[in-house]
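K.L.:
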Amino acid sequence: MCFIFSVFHAQTNVLQLVDKIKKFDEEMSKRTLTGESVIENLKIFSQHYLNIKCFHYDAFETSHLYSTIYCVAGLLLGLSSLVAMFTYNAPKGPALMLLSNYIWIIYTLSEVSQGYQKTQEHLSNVFYELKWYLWDVECQKCYLLVMGQFSKELKIPIIFVCYGGLEIFKKFIRLIYTVANCLLTVGRKSH
Numbered sequence: 001m002c003f004i005f006s007v008f009h010a011q012t013n014v015l016q017l018v019d020k021i022k023k024f025d026e027e028m029s030k031r032t033l034t035g036e037s038v039i040e041n042l043k044i045f046s047q048h049y050l051n052i053k054c055f056h057y058d059a060f061e062t063s064h065l066y067s068t069i070y071c072v073a074g075l076l077l078g079l080s081s082l083v084a085m086f087t088y089n090a091p092k093g094p095a096l097m098l099l100s101n102y103i104w105i106i107y108t109l110s111e112v113s114q115g116y117q118k119t120q121e122h123l124s125n126v127f128y129e130l131k132w133y134l135w136d137v138e139c140q141k142c143y144l145l146v147m148g149q150f151s152k153e154l155k156i157p158i159i160f161v162c163y164g165g166l167e168i169f170k171k172f173i174r175l176i177y178t179v180a181n182c183l184l185t186v187g188r189k190s191h
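Position 119 of the sequence shown, counted from 1, bears residue number 119 in UniProt numbering, the numbering being contiguous throughout.
1) Check whether the Cβ atoms of Ser29 and Val146 sit closer than 7 Å, and answer yes or no.
2) On the DSSP letters alone, give me the boundaries of the alpha helix (DSSP H) that residue 192 sits inside.
3) If we count Cβ pairs, one from each stretch, closer than 8 Å, do we get three or more for the segment 126 to 133 versus the segment 20 to 29?
4) Less than 8 Å between C-beta atoms, sequence neighbours within five positions excluded: which residues of the same chain meet that for Gly74?
5) In chain order, what residues of the same chain lie with their CB nearer than 7 Å to the CB of Leu79, ignoring the 5 residues before and after it?
6) Measuring alpha carbon to alpha carbon, tell me which of Thr108, Phe150, Ser81 ends up nearest Met97.
7) Can you list, in chain order, the residues of its chain whose CB lies under 6 Å from that of Gln16, leaving out five sequence neighbours each side?
8) Please identify the residue among Asn125, Gln117, Ser6, Ser151 whose C-alpha is closest to the C-alpha of Phe55.
9) When you compare each of Cys182, Leu175, Phe127 to Asn41 by their alpha carbons, which one comes out closest?
10) Considering Cα atoms alone, identify which of Phe8, Asp19, Gln140 is closest to Ala59.
11) Do Tyr116 and Gln11 have their CB atoms nearer than 7 Å?
12) Tell me the rounded alpha-carbon separation between Asp136 and Ser110.
13) Could you spell out the range, first to last residue, of the alpha helix (DSSP H) harbouring Ser37?
14) Is it buried or exposed for Cys182, if we count other Cβ within 10 angstroms and need 16 for buried?
15) Throw me the rounded Cβ distance for the Leu123 and Val38 pair, which I believe falls under 8 Å.
16) Less than 8 Å between the CB atoms is what I'm expecting for Tyr57 and Phe150, so what's the real figure, rounded?
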């Protein structure tokens, strides 16, 4: 639950920055800002994005050990429930419920991570769509420097080298499906 709260907190910060950039673009369309105020706003955007990156690394990159332990333990629990379902004559209900709960948790983590990545892409698009060609040369140079910060996509690590998203969920479902088919085949041959 702390993971999901951290993602929503980071996503809210990104959306606040998107709102600031859109307001800035509206003011630039009205030509109410001078070159110095443009540079000052670009500095503010850069600082806000730096704060987002710091929170991202503090919340996700340094604490991914916890989510890794959680996911690996759940994976082992899910696989053991599959083994129990197909190899023993035990009731299938508790094992199936345990497996479905774990699949739901993995789906939730993947969906939340995917939403965060889409918000990051939206931020980059909004920043890149600023009307920089209306600015003076000094502001354009500053914009190019700040643009480099917005180019790196921030991803959320779920398991050490795997980043969250629906791709990891699809891989997990394929693994569960393959193991279930294997166990079902072995269970049928042993009877």
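All C-beta atoms in this analysis are idealised placements derived from N, C-alpha and C, irrespective of residue type, glycine included.
Keep in mind the model is a prediction, meaning the values are calculated, not measured.
P.N.:
Taking the definition as stated:
1) Taking 7 Å as the Cβ cut-off, Ser29 and Val146 do not qualify as a contacting pair.
2) There is no way to answer for residue 192, as the model of the chain reaches only from 1 to 191.
3) Segments in contact, yes.
4) So the qualifying residues of the chain are Tyr102, Ile105, Ile106.
5) Answer for Leu79: Val179, listed in chain order.
6) Checked all of Thr108, Phe150, Ser81; the closest Cα to Met97 is Ser81.
7) Cβ neighbours of Gln16 beyond the five flanking positions: none.
8) Of the candidates Asn125, Gln117, Ser6, Ser151, the one whose C-alpha sits nearest the C-alpha of Phe55 is Ser6.
9) Selected option, being the one with the closest Cα: Phe127.
10) Taking the Cα of Ala59 as reference, the smallest distance to any Cα among Phe8, Asp19, Gln140 is reached at Phe8.
11) Yes. Within cutoff.
12) Roughly 43 Å between the two C-alpha positions.
13) According to the DSSP assignment, Ser37 belongs to the alpha helix (DSSP H) that extends over 35 to 56.
14) Result: exposed.
15) No, Leu123 and Val38 are not in contact; Cβ-Cβ is about 19 Å, not under 8 Å.
16) So it is not a contact: roughly 16 Å between Cβ atoms.
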